[in-house]
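Residues 267 to 598, numbered by the numbering used here, are exactly what the sequence shown covers, in order.
What follows is a single structure, written as structure tokens, with notes after it.
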Amino acid sequence: MNLPQTDRSGQRGRSEPRKRRLRLKIFGSGKASKKNPAAWLVLATYLLLLLSRLLDVVLLSRDNEYLFVMILQIMIFFIPAALYIRLRGLTAAGLRLRILGLPHILLILSAALALITGSFLLGMLLGGVDSMQGSFSLYDTFISKHNRGIANTLYLIVAYAAMPAACEELVFRSVLCAEYERGGLLCALFFSSFFFGLLHFDLGLLPVYIYAGALLALTMYVARSVVAAMAVHFLHNLFGLFSQPYLTTFCRMTGSPGLFVIILVALLLLSVAVFCGQAGRLLRRYSELNMAPEYHTGLTAGQTLASFESAIRSLPAVLCIVLYIATIIISR
């Protein structure tokens, strides 16, 4: 007499597959990646950026400064990222290179306002109004020049707003999040924002840049597209180019920044509320369409902490931190 086949749990036949529940999870799945090479890309961008500072004086004395700045950004960010993507075999879907839709517009605008107001408030809290520069600069090195004329203005926008947004988000959101999210969403958010903060080599404003990196990463994950983070970054840079100097001057002229701070706090709270509301609507929409999270889920808190530990103790990550500390000490 043949008995029916049973599995190890004692149930007859094969058990029915469980229906997957769609919900936001912050922990990843699988073993902690001990050989994640993403920090090597970060280290390469740091070194290339520091080397580019040697050309600062030469570039600023040339008439075609904008062209040189754009070429340098391609060499510092885009070319290393393209080589890394090629070697690692990352796909456009994995990098979240997708076109945006109309529902993302409100998310982008609210995130941009939260980034602008939050960064300004953090900067004032850490160093006062004097810490907020009167003119926009890239990595505290290449200073933007406001020349007259439509052509010069377009060059300015491309070189100091569009190019940095596209190149930096490709490296620090698209590539880094794709690599580090194997250890969970928290792991990706942390290393994306942490390495982005170190990129600027400014200890006094490090929390500002980390805040910016975290908000940009959240925007990318909610929109499921790095283009959304690029758009937010671009709007922030555009504000820095044309509006921040006037706001800084206005705050200094008033003598008492109390009212100014109250307005910024109100705008920050409003933008955060709108961002969270729109994010909730988008996530519910994804759930209705049965769209599973694009990052790995299922790790326990202990496994996620192991991912953190293995990533932060990797050789390239340690070298990035050492390079940052050494640069800060030498530049003082």
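All residues carry an ideal CB built from backbone N, CA and C; glycine is no exception.
- The three-state secondary structure of Leu455, taken from DSSP, is helix.
- The three-state reading of DSSP puts Leu471 in coil, since its state is none of H, G, I, E or B.
- Inter-residue distance for Thr357 and Phe344 is about 16 Å (C-alpha atoms, whole angstroms).
- Contact check for Pro303 against Arg352 fails: the beta carbons are separated by 9 Å or more.
- Ranked by Cα distance from Leu436, the first of Phe516, Gly449, Ser458 is Ser458.
- By a beta-carbon distance limit of 8 Å, Glu447 contacts His562. Their separation comes to about 6 Å.
- Annotation for Pro473: Leu388, Leu392, Gly463 place their beta carbon closer than 8 Å to its own, counting only its chain and skipping 5 residues before and after.
- Pro430 is the residue among Pro430, Val498, Ala417, Phe526 whose C-alpha sits nearest the C-alpha of Leu338.
- When rounded, the separation of the alpha-carbon atoms in Leu404 and Glu554 is 42 Å.
- For Thr570, the enclosing alpha helix (DSSP H) has its first and last residue at 567–578.
- Straight-line measurement puts the Cα of Arg518 at about 35 Å from the Cα of Leu455.
- Taking Ala583 as the centre and dropping the five residues before and after it, the same chain places the C-beta of Ala305, Ala577 closer than 7 Å to its C-beta, in chain order.
- When DSSP states are grouped into helix, strand and coil, Leu363 belongs to the coil group.
- The alpha-carbon separation between Tyr350 and Ile340 amounts to approximately 14 Å.
- Sequence-distant Cβ neighbours of Ile342 in its own chain, meaning closer than 8 Å and more than five residues away, are Thr311, Leu314, Leu315, Ser318, Cys433.
- The beta-carbon distance between Leu530 and Thr383, rounded to whole angstroms, is 5 Å. This is short enough to meet the 8 Å contact definition.
- Shown here, Leu436 sits in a helix according to DSSP, grouped into three states.
- With fewer than 16 neighbouring CB atoms inside 10 Å of its own CB, Ala592 falls in the exposed class.
- Between the alpha carbons of Ala489 and Thr570 lies a gap of roughly 24 Å.
- With a beta-carbon spacing of about 6 Å, Leu533 and Leu379 fall inside the 8 Å limit used to define contacts.
- For Phe334, the uninterrupted alpha helix (DSSP H) run begins and ends at 331–339, by DSSP.
- The beta carbon of Val540 lies closer than 6 Å to those of Ser376 in the same chain, with the five residues before and after it left out.
- Of the candidates Tyr590, Arg550, Glu331, Tyr590 places its Cα closest to the Cα of Asp468.
- If you draw a straight line from the Cα of Ile371 to the Cα of Ile596, it is about 43 Å long.
- Annotation: Met496 to Ile374 spans about 9 Å, alpha carbon to alpha carbon.
- In this model, Gly415 and His502 are separated by some 22 Å (Cα to Cα).
- If you look at Asn418, you'll find it in the alpha helix (DSSP H) that goes 416–423.
- Residue range 345–354 is occupied by the alpha helix (DSSP H) that includes Pro346.
- The three-state reading of DSSP puts Met557 in coil, since its state is none of H, G, I, E or B.
- Taking every protein chain shown into account, the CB of Tyr426 has 16 or more other CB atoms within 10 angstroms, so this residue is buried.
- According to the DSSP assignment, Val492 belongs to the alpha helix (DSSP H) that extends over 492–508.
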